[in-house]
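Protein chains in written order, with our numbering: chain A, 3 to 293; chain B, 3 to 293.
Below is one structure, written out as structure tokens; the observations come after it.
Protein chains: 2
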Amino acid sequence: MRKLKKLVLLGTGLIGGSFSLALKRAKCVEHVVGVGRNPDNLARALELNVIDEASNDAASAVIDADLVLLSAPVGQMAVLLQQIAPHLPAHCIVSDAGSTKQDVCALYQQYLPQHLSRCVPGHPIAGSELSGAAAAQYGLYEGRRVVLTPLAESAPESIELLRSLWQACGAQVFEMSAAEHDGVFSAVSHVPHLLAFSYMNAVLDRHNAALCFDFAATGFRDFTRIAASHPEMWRDIALANKDAILLDLKANVAQLLALIDCIEHHDALGLNEQIVRASAARNQWGHRSRS
Amino acid sequence: MRKLKKLVLLGTGLIGGSFSLALKRAKCVEHVVGVGRNPDNLARALELNVIDEASNDAASAVIDADLVLLSAPVGQMAVLLQQIAPHLPAHCIVSDAGSTKQDVCALYQQYLPQHLSRCVPGHPIAGSELSGAAAAQYGLYEGRRVVLTPLAESAPESIELLRSLWQACGAQVFEMSAAEHDGVFSAVSHVPHLLAFSYMNAVLDRHNAALCFDFAATGFRDFTRIAASHPEMWRDIALANKDAILLDLKANVAQLLALIDCIEHHDALGLNEQIVRASAARNQWGHRSRS
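Following this line, the structure appears as structure tokens:
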């Protein structure tokens with residue numbers, strides 16, 4: 003594999019920082035520049051050797067880059083792409099770590115129309131409720147999955163480079179269409195987060211919310227863990243993957259209304275059927291994934 | 003504390019068996035009789051010294067009892083109370099370990115109207131995915147919470163006995179009304195289970211459910227862990243605590259509709275407000291409970 007001379011992270015948090023650490027350990031990169039808006043975070047990233055150089059100017063940072071990873075929240079990507087577009091060297095590969103892909107693919111089309119053969123949208127599946135460069139870990143991507151959703155224009159060698167870099171981080175790499183990606187992750191990631199947020203708000207609205215939280219135990223703890231996630235990021239994801247998420251949220255409302263109907267009519271059989279179906283599927287998933 | 007001569011467990015599984023073991027270790031009881039429908043389970047309970055005597059006849063077992071604990075599923079309690087009613091000695095305290103309390107309180111009123119000063123409904127918060135006498139543990143209640151929901155008729159000395167016994171098991175004892183109990187546990191336990199079941203069913207209804215489950219990761223794992231729970235038990239709880247659960251389920255539907263509205267209208271501010279509120283509350287809860 004070709005060794006990268008210069009990697010530029012546009013967004014120097016957990017995701018970009020862990021990519022940098024893993025590539026450094028695998029000796030796949032010589033120099034890493036971290037770009038960000040928060041000087042304290044960048045200083046910490048330098049101190050922890052997550053990056054070799056800090057910058058607050060995306061445009062000048064990419065001038066001699068071999069690879070640019072957009073690892074900022076999806077909401078900032080349009081501005082970042084606009085800033086770097088006039089300065090990108092022709093050979094430079096551009097990828098991202100956005101949790102939604104159709105919207106990011108559209109941004110590449112809009113802002114880098116001359117550069118699409120070098121663009122490879124991606125999504126490393128390694129969320130955490132932690133954030134910031136200080137949370138970056140060498141092993142974050144070990145055994146994790148990375149989904150690439152190449153554009154029609156992405157060159158095979160661009161895709162191959164991304165694939166080999168993520169593999170060097172210890173990840174398994176998959177390819178699917180951006181639309182398929184957004185449907186799957188709406189279902190198994192975005193919607194559970196939104197359900198957990200709205201559940202927490204329903205408890206907060208209760209007259210005895212404090213007493214409820216006092217008696218919340220391990221089931222509550224696990225069910226709501228994702229509700230502690232980064233608000234700005236999830237707001238952006240909800241808006242970016244709007245169509246897929248709305249379909250799934252409405253399907254969840256329909257399921258809840260069916261459950262309410264069973265309980266209101268004391269329909270033990272119908273209730274049993276719904277619970278058995280869900281419980282069997284979760285047990286099967288657990289056995290397969292040993293979770 | 004008065005030492006019990008004879009404790010009768012109506013239902014000899016994890017909950018009743020662990021109560022027996024803890025009281026034996028604390029030297030609070032001389033003789034424990036386990037009543038149950040499953041002879042193999044009772045034989046195992048004897049063998050493991052969880053109980054000293056086995057019986058399949060609740061009526062004759064309680065004739066000289068000092069304390070009866072109903073530790074069978076809530077669905078069996080009506081029959082058990084009916085069976086023991088004519089045979090209970092006047093001094094014998096009766097309690098239970100049911101996860102719902104208003105329905106159990108009504109059963110005491112219905113079947114033991116002459117005996118209410120000796121009845122003290124309770125709920126030890128110590129679920130587990132394990133069951134049966136073989137799963138009973140000495141330390142199950144160490145540091146756990148037990149909620150007592152006394153009847154208006156419960157005598158102070160009856161409540162005091164239950165309190166001291168659960169404390170001898172290592173538990174912290176709380177008192178609240180049955181209605182308050184059912185509201186709190188609907189909010190923090192029953193409804194999360196039902197949300198997890200209905201979420202699983204929404205994923206199962208997707209055309210690409212198998213692919214979705216393939217890419218489900220740690221967020222999904224934690225969020226859905228409670229969906230693997232025992233279907234019959236959760237069906238019974240959903241019906242037993244119907245009123246409180248319906249209120250909370252409808253509040254969750256309302257929250258989801260508000261979220262859908264924000265997303266449909268691309269209301270970033272409104273969405274942000276909802277997510278920030280939920281995330282802040284979960285973080286605060288996590289810091290307090292170190293979870």
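In this text, a Cβ means the ideal position worked out from N, Cα and C, and glycines have one as well.
task = Report, in whole angstroms, the separation of the C-beta atoms of A:D250 and A:A189, which I expect to be a contact under 8 Å.
result = Position 248 of the first sequence, counting from 1, holds the residue named residue 250 of chain A. Position 187 of the first sequence, counting from 1, holds the residue named residue 189 of chain A. Contact flag correct, Cβ pair sits at about 6 Å.
request  = Identify every run of the alpha helix (DSSP H) within the segment 101-167 of chain B, keeping only runs that are complete inside it and at least 4 residues long; order them along the chain.
outcome  = 104-113
key: Under 8 Å by beta carbon: chain A residues contacting B:L241   = Position 239 of the second sequence, counted from the first residue, corresponds to residue 241 of chain B. Per Cβ cutoff of 8 Å: I265, H268, A270 and L273.
ask   = Under 7 Å Cβ-Cβ, which residues of chain A neighbour B:A283?
value = To locate residue 283 of chain B, count along the second sequence from 1; it is residue 281. Within 7 Å Cβ-Cβ: M202 and L206.
message = Is it the case that the segment 249-267 of chain A contacts the segment 103-110 of chain A, given that we only count it when at least three CB pairs across the two stretches are under 8 Å?
response = no
Integer-rounded CB distance, given that A:Q139 should sit under 8 Å from A:S20 = Translated into positions along the first sequence, residue 20 of chain A becomes position 18. Translated into positions along the first sequence, residue 139 of chain A becomes position 137. With 8 Å as the limit, A:S20 and A:Q139 qualify as a contact, their Cβ atoms being about 5 Å apart.
task = Take B:V186 and list the residues in its own chain whose beta-carbon comes closer than 8 Å to its own, dropping the five residues that flank it on each side.
result = By one-based count along the second sequence, residue 186 of chain B stands at place 184. For B:V186, where only same-chain residues beyond five positions count, the Cβ hits under 8 Å are M178.
request  = Return the CA-CA distance between A:G13 and A:R208, expressed in angstroms with no decimal places.
outcome  = Your numbering for residue 13 of chain A matches position 11 in the first sequence. Your numbering for residue 208 of chain A matches position 206 in the first sequence. C-alpha separation (whole angstroms): 39 Å.
ask   = Whole alpha helix (DSSP H) runs in the segment 172-196 of chain A with 4 or more residues, listed along the chain?
value = 180-187
Within chain A, partners of B:A231 - CB distance below 7 Å = Against the second sequence, residue 231 of chain B aligns to sequence position 229. A quick correction: the sequence has Ser, not Ala, at residue 231 of chain B. Here the neighbours are S281.
query = Hey, does B:V278 have any beta-carbon neighbour from chain A nearer than 9 Å?
reply = In the second sequence, the residue the question calls residue 278 of chain B occupies position 276. Judged by the 9 Å Cβ criterion, B:V278 is in contact with chain A.
ask   = Thinking C-beta only, is B:K8 closer than 9 Å to B:A67?
value = Translated into the one-based positions of the second sequence, residue 67 of chain B becomes position 65. Translated into the one-based positions of the second sequence, residue 8 of chain B becomes position 6. Yes. Within cutoff.
ask   = Would you say the segment 198-207 of chain B touches the segment 156-163 of chain B, given that touching needs at least three Cβ pairs under 8 Å?
value = no
inquiry  = Using a 10 Å radius around the Cβ and a threshold of 16 neighbouring Cβ atoms, would you call B:G141 buried or exposed?
reply    = As a first step, residue 141 of chain B must be located in the second sequence, where it is residue number 139. Exposed: under 16 other Cβ atoms inside 10 Å.
key: Chain-ordered chain A contacts of B:W168 [CB-CB under 9 Å]   = Start at 1 with the first residue of the second sequence, and residue 168 of chain B comes out as number 166. None at all; the shortest Cβ gap to chain A is about 15 Å.
ask   = Using a Cβ-Cβ distance under 9 Å, would B:C214 count as near chain A?
value = Translated into positions along the second sequence, residue 214 of chain B becomes position 212. Interface residue, yes.
Chain A contact for B:I228 (CB, 9 Å cutoff) = For the purposes of this step, residue 228 of chain B is taken as the residue at position 226 of the second sequence. Closer than 9 Å to some Cβ of chain A, the Cβ of B:I228 qualifies, so yes.
ask   = Looking only at C-alpha atoms, which of B:L258, B:V52 and B:V81 sits nearest to B:G272?
value = In the second sequence, the residue the question calls residue 272 of chain B occupies position 270. Nearest option by C-alpha distance: B:L258.
query = Name the chain A residues that come within less than 8 Å of B:P194, Cβ to Cβ?
reply = Here residue 194 of chain B is taken as the residue at index 192 of the second sequence, counted from 1. Y201, G221, F222, F225 and T226, listed in chain order.
Residue closest to A:R147, alpha-carbon to alpha-carbon, out of A:L163, A:P126, A:S166 and A:R165 = Stepping through the first sequence from its first residue, residue 147 of chain A is reached at position 145. Per the Cα distances, A:P126.
inquiry  = Here's a check: name, in chain order, each residue in its chain whose Cβ is nearer than 7 Å to the Cβ of B:H195, leaving out the five neighbours to either side.
reply    = The residue labelled residue 195 of chain B in the question sits at position 193 within the second sequence. Cβ within range, chain order: I228, S231 and W236.
request  = May I ask you to list, following chain order, the residues of the segment 61-91 of chain B that have a beta carbon less than 8 Å from some beta carbon of chain E?
outcome  = Any reference to chain E falls outside this structure, whose protein chains are A and B.
message = So, at 8 Å on beta carbons, what are the nonlocal neighbours of B:P115 in its own chain, with the 5 sequence-adjacent residues on each side left out?
response = The residue labelled residue 115 of chain B in the question sits at position 113 within the second sequence. Closer than 8 Å at the Cβ level, and outside the excluded window around B:P115, lies no residue.
query = Under three-state DSSP, which class holds B:K26?
reply = For the purposes of this step, residue 26 of chain B is taken as the residue at position 24 of the second sequence. Helix at B:K26.
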